[in-house]
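To start, the structure under review is shown below, and the notes come after it.
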Amino acid sequence: MRLGLVLGDQLSFDLASLAALDPTQDAVLMAEVQGEARYVPHHPHKIMFIFSAMRHFAQALRERGWQVHYVELDAEGNSGSIAGELRRWCKVLGASEIHLTECGEWRLEQALRDAGLPLVWHRDTRFLCSREAFARWAQGRTQLRMEHFYRGMRKRCGLLLEPDGSPAGGSWNFDADNRKSLPRGLRGPIPAQFDQDAITQTVVDLVRQRFNDHYGAMDGFDYPVTHGQAQQLWQHFLDFGLAAFGDYQDAMAEGEPYLFHARISAALNVGLLDVRQLCADVDHAWRSGQVPLNAAEGFIRQLIGWREYVRGIYWLRMPEYAGLNHLGNDRALPTFYWTGATRMRCMAQAIGQTLRLGYAHHIQRLMVTGNFALLAGIAPDAICQWYLAVYIDAFDWVELPNTLGMVMHADGGYLGSKPYCASGRYIQRMSNHCQACSYKVGQVTEENACPFNALYWHFLIRHRAQLSANPRLRLVYGSLDNMSPARRQAVWERGQELLARLDAGEAL
Ligand code: FAD
Ligand code: DLZ
Ligand code: SF4
Numbered sequence: 004m005r006l007g008l009v010l011g012d013q014l015s016f017d018l019a020s021l022a023a024l025d026p027t028q029d030a031v032l033m034a035e036v037q038g039e040a041r042y043v044p045h046h047p048h049k050i051m052f053i054f055s056a057m058r059h060f061a062q063a064l065r066e067r068g069w070q071v072h073y074v075e076l077d078a079e080g081n082s083g084s085i086a087g088e089l090r091r092w093c094k095v096l097g098a099s100e101i102h103l104t105e106c107g108e109w110r111l112e113q114a115l116r117d118a119g120l121p122l123v124w125h126r127d128t129r130f131l132c133s134r135e136a137f138a139r140w141a142q143g144r145t146q147l148r149m150e151h152f153y154r155g156m157r158k159r160c161g162l163l164l165e166p167d168g169s170p171a172g173g174s175w176n177f178d179a180d181n182r183k184s185l186p187r188g189l190r191g192p193i194p195a196q197f198d199q200d201a202i203t204q205t206v207v208d209l210v211r212q213r214f215n216d217h218y219g220a221m222d223g224f225d226y227p228v229t230h231g232q233a234q235q236l237w238q239h240f241l242d243f244g245l246a247a248f249g250d251y252q253d254a255m256a257e258g259e260p261y262l263f264h265a266r267i268s269a270a271l272n273v274g275l276l277d278v279r280q281l282c283a284d285v286d287h288a289w290r291s292g293q294v295p296l297n298a299a300e301g302f303i304r305q306l307i308g309w310r311e312y313v314r315g316i317y318w319l320r321m322p323e324y325a326g327l328n329h330l331g332n333d334r335a336l337p338t339f340y341w342t343g344a345t346r347m348r349c350m351a352q353a354i355g356q357t358l359r360l361g362y363a364h365h366i367q368r369l370m371v372t373g374n375f376a377l378l379a380g381i382a383p384d385a386i387c388q389w390y391l392a393v394y395i396d397a398f399d400w401v402e403l404p405n406t407l408g409m410v411m412h413a414d415g416g417y418l419g420s421k422p423y424c425a426s427g428r429y430i431q432r433m434s435n436h437c438q439a440c441s442y443k444v445g446q447v448t449e450e451n452a453c454p455f456n457a458l459y460w461h462f463l464i465r466h467r468a469q470l471s472a473n474p475r476l477r478l479v480y481g482s483l484d485n486m487s488p489a490r491r492q493a494v495w496e497r498g499q500e501l502l503a504r505l506d507a508g509e510a511l
């Protein structure tokens, strides 16, 4: 007989390795193992989500006639690693071949390739662009740009196109229409909620007992764990979120963790949702007049553009990509990333909701916690570990390029053309946090001046050699050069003081 492996982020009925097997003769192995649960201190909700979704998926496979060997975390004989469990079960069952689908993470794929097991690999067809197709696209290009990749994907997938193949609305990208700040009083829809059944309750208790040393809330787990529930979450977004997604994609607001975002990333990344169906539904919502084009295009761009693009870069450049540090950063991650205890209101809100929910939306990750890490010169591997640990949707293939490349510019501009550095003014424009903050966003050098401001100029000054030739930064370097020498010196000194306080372990 043959054994099929299903990992915690491979919970799809049409998984390539399952399609290659015969349920009447072959068996499936799924295993909860310490190695996967502890390689970073995952948020408790992430472990609850993965384990509960795995247990539900095993049940669903059995109902479809599969013989599933499911190893619970505390099961006797659990070796603690995926390779160990494959070895053990191969022996027990006398399996001649192990069928498996490409892993999401290089770390695990390498460990399995090195394990000396009789592996038969299958391509992960849940993605629209295979590793090989991306490598072919990238070959010979001196610069990779998401926009070029995205246009090709739109054409290939036939999404949001006019009958003659031109882009709907005459433009490929409506990014400029995705940056409205939230009008006072406008709130996001009431979030969808999910009850905990007996399986989830058992898993929640297990995580409480076994992972109480991890950061993040133990209570309040509220996420879909089956395909049916994930579909409910998606329908909720189609009904109540998508129409406003385009306009307020970049907005942030006090006490509004989700706003008009879909909250589907974790369900999608583990296979509870299917990207082809999501895109078809959004295309249909636009064609039938339910949502405006800037919403449909903005959303589809994230799915077939950014999501596939970062995965392509990850597999093209790993493992050396993980070690890049173009700006030479080495500062330790401030402790307040793990506690949320900082006077910076925007940071406290983003980190607070992250610890509570395992969720922050893209602009919070990019322009608040990410921007601060970039300006403060945090070591890339430290901030990458943080993002990988604290978000319920975090897997190395998507987290690493976003953090190391997009946020930290540690790949020297391979993934994106410029660092997304910004002063407090950006956060003020896109949120209402500054009104509730004890720092003054309009000040730069004073005692209570917003830390983002001086750190922004300090960042530009200290990295002038690496960044000033970038055409997209010409204007900001022009502003820096127009400052009087005395002003520049004062800004530099305030930046030095803030960094020294971080080095001394102060929270800011
Ligand atoms: P929405 O805003 O509703 O977007 C819809 C979907 O588009 C998302 O569910 C996601 O699948 C996709 N998407 C949007 N932006 C990106 C992007 N930049 N890269 C890849 N997919 C994208 N996303 C993850 O899934 N896992 C991660 O570990 C992760 N780490 C990130 C780290 C940093 C520093 C940054 C800046 C972004 C990261 N993202 C990650 C991308 C993005 O922030 C999340 O996908 C998004 O916030 C998830 O919330 P949502 O489902 O409500 O997304
Ligand atoms: C994230 C995660 C966790 C917490 N636990 C498990 C597990 O016990 N068993 C499993 O098969 N997968 C788990 N996962 C998901 C894996 O880490 C994920 O499949 C790989 O990192 C992707 O290559
Ligand atoms: Fe954040 Fe600065 Fe605004 Fe405070 S003033 S919320 S620190 S941007």
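When we follow our numbering, the leftmost residue of the sequence shown carries the number 4, and every step to the right adds one.
All residues carry an ideal CB built from backbone N, CA and C; glycine is no exception.
Distance between residue j and residue i (C-alpha atoms, nearest Å)
i, j, result
"P121", "R67", "26 Å"
"H45", "L358", "11 Å"
"R65", "V71", "6 Å"
"I354", "Q367", "9 Å"
"F54", "A269", "13 Å"
"V313", "L418", "8 Å"
"G83", "Q37", "5 Å"
"F52", "D167", "44 Å"
"Q142", "R148", "13 Å"
"Q146", "Q252", "27 Å"
"N473", "R465", "15 Å"
Other residues of its chain near residue i: CB distance less than 6 Å, five sequence neighbours each side excluded
i, result
"P194", "Y261"
"N435", "A256 and E257"
"V285", "A299, F302 and I303"
"P47", "V210, F214, H217, G219 and M221"
"D242", "none"
"L162", "C282, D286 and I303"
"F462", "L378 and C424"
"K49", "G361 and I395"
"H364", "H264"
"H329", "A413 and G415"
Distance CB(residue i)-CB(residue j) smaller than 7 Å
i, j, result
"P192", "G244", "yes"
"M57", "G107", "no"
"A344", "A510", "yes"
"W109", "P295", "no"
"Q446", "A439", "no"
"D127", "E112", "no"
"M411", "P383", "yes"
"V123", "H151", "no"
"A247", "H125", "no"
"N272", "F130", "no"
"K183", "D77", "no"
"A86", "A40", "no"
"S426", "N456", "yes"
"L327", "A254", "no"
Counted within 10 angstroms of its Cβ, other Cβ atoms place residue i as buried (16 or more) or exposed
i, result
"P337", "buried"
"K421", "exposed"
"T27", "exposed"
"M4", "exposed"
"V95", "exposed"
"P227", "buried"
"A392", "buried"
Close beta carbons around residue i, own chain, < 8 Å, minus the five adjacent residues each side
i, result
"E165", "A171"
"Q431", "C437 and V444"
"V278", "R129, F130, L131, L271, L306, I307 and R310"
Cβ-based neighbour list, residue i, same chain, cut-off 7 Å, excluding 5 preceding and 5 following
i, result
"A61", "M33, V71 and Y73"
Cβ of residue i within 7 Å of any chain C Cβ
i, result
"G80", "The structure shown contains no chain C; it is built from a single protein chain."
Write down every uninterrupted run of the alpha helix (DSSP H) in the region 206-256 whose length is 4 residues or greater and which is fully enclosed by it, in chain order. 230-243 and 245-251
In chain order, each alpha helix (DSSP H) run of at least 4 residues that lies wholly inside the region 327-407: Secondary structure remark: continuous alpha helix (DSSP H) runs of at least 4 residues inside the region 327-407, in chain order: 339-342, 348-360, 374-379, 383-393 and 399-403.
Complete runs of the beta strand (DSSP E) confined to the region 117-181 [at least 3 residues]: 122-125
Curious, which full-length beta strand (DSSP E) runs of at least 3 residues does the region 470-498 contain? none
Any heavy atom of ligand 5 within less than 7 Å of residue CB: hits in chain order: Ligand 5 is absent from the structure shown, which contains only ligand 1, ligand 2 and ligand 3.
Jot down the residue ranges of each uninterrupted alpha helix (DSSP H) in the region 18-46, minimum 4 residues, whole runs only, in chain order. Within the region 18-46, the complete alpha helix (DSSP H) runs of at least 4 residues fall at 19-22 and 37-41.
Restricting to runs no shorter than 4 residues, where is the alpha helix (DSSP H) found entirely within the region 277-326? 278-290, 296-303 and 311-320
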